[in-house]
Structures are given as C-alpha cells and as structure tokens.
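Trainee:
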Amino acid sequence: MADQNAIPDRATLLDIFRRTTLINRSDERFRALLTQGKLAIVYYPVRGQEVLSAAMMAALRPDDYLITTYRGVGDQLAKGIPSKLLWAEFTGRATGTCKGKGGPMHITHPETGVMVTTGVVGSGLPIANGLAIASQNKGDGRVTVVSFGDGASNIGAFHEAMNMAQLWKLPVIFLCQNNKFGEHTAFADHTSVPSIVDRAAGYGMKGVKTDGNDAVAMYRTAKEAVDRARAGDGPTLIEAMTFRMLGHLFGADFSYVPKEMTAAGIADDPVPAFRRQLLEMQIAEAELAAIEAEVEAEIDEAVTFAMESPFPEVSELRLDVVAQEIAA
Numbered sequence: 476m477a478d479q480n481a482i483p484d485r486a487t488l489l490d491i492f493r494r495t496t497l498i499n500r501s502d503e504r505f506r507a508l509l510t511q512g513k514l515a516i517v518y519y520p521v522r523g524q525e526v527l528s529a530a531m532m533a534a535l536r537p538d539d540y541l542i543t544t545y546r547g548v549g550d551q552l553a554k555g556i557p558s559k560l561l562w563a564e565f566t567g568r569a570t571g572t573c574k575g576k577g578g579p580m581h582i583t584h585p586e587t588g589v590m591v592t593t594g595v596v597g598s599g600l601p602i603a604n605g606l607a608i609a610s611q612n613k614g615d616g617r618v619t620v621v622s623f624g625d626g627a628s629n630i631g632a633f634h635e636a637m638n639m640a641q642l643w644k645l646p647v648i649f650l651c652q653n654n655k656f657g658e659h660t661a662f663a664d665h666t667s668v669p670s671i672v673d674r675a676a677g678y679g680m681k682g683v684k685t686d687g688n689d690a691v692a693m694y695r696t697a698k699e700a701v702d703r704a705r706a707g708d709g710p711t712l713i714e715a716m717t718f719r720m721l722g723h724l725f726g727a728d729f730s731y732v733p734k735e736m737t738a739a740g741i742a743d744d745p746v747p748a749f750r751r752q753l754l755e756m757q758i759a760e761a762e763l764a765a766i767e768a769e770v771e772a773e774i775d776e777a778v779t780f781a782m783e784s785p786f787p788e789v790s791e792l793r794l795d796v797v798a799q800e801i802a803a
C-alpha cells in the first residue's frame with residue numbers, strides 16, 4: 476500500500492513533469508494548427524487536465540491496459556504512444572497507429588497498452604472489465620485503467636461494470652476525470668449525488684476523491700489504487716477533480732460556463748503550478764527547461780512526420796474490417 480504522506484521520488488516527479496509537458500505542448504500545437512487552417516479534424520482539447528493524466532499513467536507499468544475516451548489525447552500520450560504515430564493517426568495518415576483509419580476518436584496502440592479509445596460515452600467501462608478478467612485468468616499481474624468523464628457516471632454501463640468488478644475483485648481502476656461539465660451540462664444538473672465517488676459505497680467498492688490538478692495527490696491516489704488492484708484486492712473508483720478550460724470540442728461555444736468559474740480555473744492552472752512546485756523542491760530551472768525543449772523538439776518531429784506521411788490507399792477501405800483468412 477502506498478504511503479499517503481510520501482512525496483514521489485525525484486525521478487517520478489520529473490517523469491510526471493515530462494508527461495505533463497508533452498500533453499500540454501501537444502494540445503497547444505493541435506489547436507494552433509487548427510486555428511491556422513493547416514489541420515481539419517474534430518479535436519477535443521484537454522487544456523487543464525494535463526497533470527491528471529500524467530500522474531495516473533506514471534503509476535502504471537508499460538504493459539498495463541488503458542481504455543479511454545475521445546478526449547483521450549492526454550491519456551494516450553502519457554501512456555506512451557509514440558508522438559509520431561499518434562500525430563499521424565490524428566491527421567489520418569497511413570503511418571498512424573490505425574493506418575489513419577481510426578482518427579482522433581479511435582486511437583488504439585496495444586504495444587503501449589492503449590487498447591480502446593471510444594467515442595460512445597461510458598462504453599469503455601465494461602470493456603475494461605473484460606480486459607481485467609483476462610488478466611485475472613492469466614495471472615499476468617496487469618492492471619486496467621478506464622478513463623471517463625463525469626457525464627458517463629449516469630449510464631447503465633457504469634453501474635453494471637462497477638458491480639461486476641467489485642463482485643469478482645477485478646484488477647481495474649475506474650478513473651472519473653470530473654471536469655465539472657458533461658458536454659454542456661453542469662455537474663449538478665445531471666447528477667443527483669454531491670460526488671460521484673459516493674456511489675462506490677453502494678457496491679462495497681473503495682472510492683477516493685482527489686485533486687486531479689495536484690500532481691503529488693493524484694499520483695499518491697493512483698499508486699495506491701494500482702497497488703491494490705495488482706495485489707488482488709479489487710477495484711477502486713477514483714474521482715479526480717479538474718477543470719476543462721476550453722469548450723467541449725475545439726471551436727465550440729464556452730459561454731455556458733460561468734465567467735467566475737472559468738477565471739478560477741485559469742488562475743489554478745495545474746501546469747505552471749506543478750512547475751513552481753518542482754522549483755520549490757529544489758529541482759533546477761535548467762533541468763525543467765531542458766525537458767521542455769526536448770518535448771518541443773519531439774513534437775516538431777512528430778508534426779513533420781505526420782504531415783509528410785501519405786494518406787491511406789483506397790484499397791484500405793476493405794481491410795481491417797473482418798479477420799482475414801489465414802492460409803494453411
């Protein structure tokens with residue numbers, strides 16, 4: 476069990492910082508290229524939620540499983556999908572993770588444990604249970620994390636998956652990234668309980684509410700849940716509180732969010748806050764700047780790779796639809 480008072484070691488903190496920076500800079504670059512008209516995709520920004528994904532994925536092993544949503548670019552990058560392959564898939568190129576045929580809402584990369592990105596709200600939870608059952612049966616020690624938003628907690632699959640996971644003590648973590656809005660609907664207007672984590676008690680499941688914008692708190696919570704799952708002690712529901720600083724998708728109206736809430740969210744921006752925290756911990760400015768420069772170079776290379784890659788051939792339309800017959 477993780478010590479809830481322990482500060483992650485220096486290497487872990489820098490690892491989380493690198494993942495955070497990669498998510499943040501990638502998100503900025505996607506939005507910049509869309510604004511400039513150099514890219515034409517549906518894009519779901521993760522500005523404000525970077526630290527949450529970085530800290531959660533830092534607590535996992537490379538071979539652990541992840542199920543995420545269309546707002547999953549932070550989870551995907553933090554879990555380790557190579558930037559080149561992710562950018563190529565987002566831009567619909569043949570060199571992408573799914574040969575350009577999945578696009579932003581259907582990123583899959585089993586090599587890094589990213590098994591499913593789903594565009595159907597809440598549909599990832601039962602899929603995560605399936606992966607967890609497989610791990611339990613095989614005894615491979617893998618943990619599955621399924622990431623979803625607050626709105627997904629109100630569909631049947633959420634409750635069914637929670638009940639099954641606790642009943643069978645599955646090695647799965649239900650990670651609710653509560654950014655306070657289900658698309659355009661405020662949390663209080665779509666959920667009858669004060670906190671989503673309150674629902675864990677109904678299934679006898681461990682539930683933890685944490686500050687998803689605090690890297691140390693988020694990592695501690697994630698690490699404890701991962702350790703419990705890997706030890707065979709069953710699932711955990713984590714409600715990680717955060718704030719989405721931009722609209723539901725890029726270019727969408729954001730006026731439905733009260734101005735004072737937006738101002739407070741921006742003032743509490745977790746990315747510079749984490750950077751300041753590291754400086755206060757006596758991690759040198761030069762070391763952080765070097766990580767940032769390395770990430771910028773990685774993104775430059777990924778964007779160039781994606782933009783110079785070919786689009787899929789028309790013949791690809793009929794491939795990867797059903798299993799191909801294997802010759803004897």
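Going by the numbering used here, the first residue of the sequence shown is number 476, and it counts up by one from there.
The beta carbon of each residue, even a glycine, is placed where N, CA and C say it ideally should be.
1) Residues bridged to residue 686 by DSSP?
2) Is the beta carbon of residue 614 sitting closer than 8 Å to the one on residue 654?
3) Would you list, in sequence order, the uninterrupted alpha helix (DSSP H) runs of no fewer than 4 residues that lie entirely inside the stretch 491-563?
4) I want to know whether the stretch 564-572 touches the stretch 777-788 - three or more CB-CB distances under 8 Å.
5) Is there contact here, the stretch 628-645 with the stretch 691-701, by at least three beta-carbon pairs under 8 Å?
6) Could you give the distance in angstroms between the alpha-carbon of residue 758 and the alpha-carbon of residue 546?
7) Is the separation between the beta-carbon of residue 725 and that of residue 506 shorter than 8 Å?
8) Can you confirm whether the stretch 676-693 touches the stretch 519-534 when touching is taken to mean that 3 or more C-beta pairs between the two stretches lie within less than 8 Å?
9) Assuming residue 584 and residue 626 form a contact by the criterion Cβ under 8 Å, report the distance between their Cβ atoms to the nearest whole angstrom.
10) Suppose the cutoff is 6 Å on Cβ atoms and the five residues either side in sequence are ignored; what does the same chain contact list for residue 601 look like?
11) Counting pairs of Cβ atoms below 8 Å between the stretch 699-710 and the stretch 643-653, do you hit three or more?
12) To the nearest angstrom, how far is it from the Cα of residue 791 to the Cα of residue 751?
13) Could you tell me whether the Cβ of residue 600 comes closer than 8 Å to any Cβ of chain B?
14) Looking at the secondary structure, which residues open and close the alpha helix (DSSP H) in which residue 637 lies?
15) Relative to the alpha-carbon of residue 575, which residue among 586, 562, 494 has its alpha-carbon at the smallest distance?
16) Using the DSSP secondary-structure output, state which residues sit across from residue 573 in a beta bridge.
17) Report the rounded CA-to-CA distance for residue 476 versus residue 571, giving the unit in angstroms.
18) With a threshold of 7 Å on Cβ separation, who are the neighbours of residue 595 within its own chain once the five nearest residues in sequence on each side are excluded?
19) Name the residue from 551, 509, 617 whose alpha carbon lies nearest to the alpha carbon of residue 593.
Mentor: Taking the structure as given:
1) Walking along the sequence shown from the start, residue 686 turns up at place 211. Answer is 716, bridged to residue 686.
2) Position 139 of the sequence shown, counted from the first residue, corresponds to residue 614. Position 179 of the sequence shown, counted from the first residue, corresponds to residue 654. Against a cut-off of 8 Å, the Cβ pair of residue 654 and residue 614 comes out as no contact.
3) Complete alpha helix (DSSP H) runs here, min 4: 525-533, 548-554.
4) Of all C-beta pairs linking the stretch 564-572 to the stretch 777-788, three or more are shorter than 8 Å, placing the two stretches in contact.
5) Flag = no, the stretch 628-645 and the stretch 691-701 do not touch.
6) Here residue 758 is taken as the residue at index 283 of the sequence shown, counted from 1. Here residue 546 is taken as the residue at index 71 of the sequence shown, counted from 1. The straight-line gap from Cα to Cα measures roughly 31 Å.
7) By 1-based counting over the sequence shown, the position of residue 725 is 250. By 1-based counting over the sequence shown, the position of residue 506 is 31. Yes, they are a contact pair.
8) Touching, yes.
9) In the sequence shown, the residue the question calls residue 584 occupies position 109. In the sequence shown, the residue the question calls residue 626 occupies position 151. A Cβ-Cβ separation of about 25 Å leaves residue 584 out of contact with residue 626 under the 8 Å criterion.
10) Position 126 of the sequence shown, counted from the first residue, corresponds to residue 601. Counting only Cβ-Cβ distances below 6 Å, and skipping sequence neighbours, we find 632, 636.
11) In this structure the stretch 699-710 touches the stretch 643-653; the number of beta carbon pairs closer than 8 Å is three or more.
12) Taking the sequence shown and counting its residues from 1, one reaches residue 791 at position 316. Taking the sequence shown and counting its residues from 1, one reaches residue 751 at position 276. Those two C-alpha atoms are separated by around 48 Å.
13) Here chain B cannot be found, since the structure has a single protein chain.
14) Mapped onto the sequence shown, residue 637 falls at position 162. From DSSP, the alpha helix (DSSP H) with residue 637 extends over 631-642.
15) By 1-based counting over the sequence shown, the position of residue 575 is 100. Measuring from the Cα of residue 575, the nearest candidate turns out to be 562.
16) The residue labelled residue 573 in the question sits at position 98 within the sequence shown. Under DSSP, residue 573 shares a beta bridge with no residue.
17) Along the sequence shown, read from residue 1 onward, the residue named residue 476 stands at position 1. Along the sequence shown, read from residue 1 onward, the residue named residue 571 stands at position 96. Its pLDDT being 44, under 50, residue 476 is placed unreliably by the model, and the measurement read from it follows with that caveat. Taking the Cα positions, residue 476 is about 38 Å away from residue 571.
18) Stepping through the sequence shown from its first residue, residue 595 is reached at position 120. If you ignore the 5 residues before and after residue 595, its C-beta comes within less than 7 Å of no other C-beta in its own chain.
19) As a position in the sequence shown, residue 593 is number 118, starting the count at 1. Across the set 551, 509, 617, the C-alpha of 551 shows the shortest separation from the C-alpha of residue 593.
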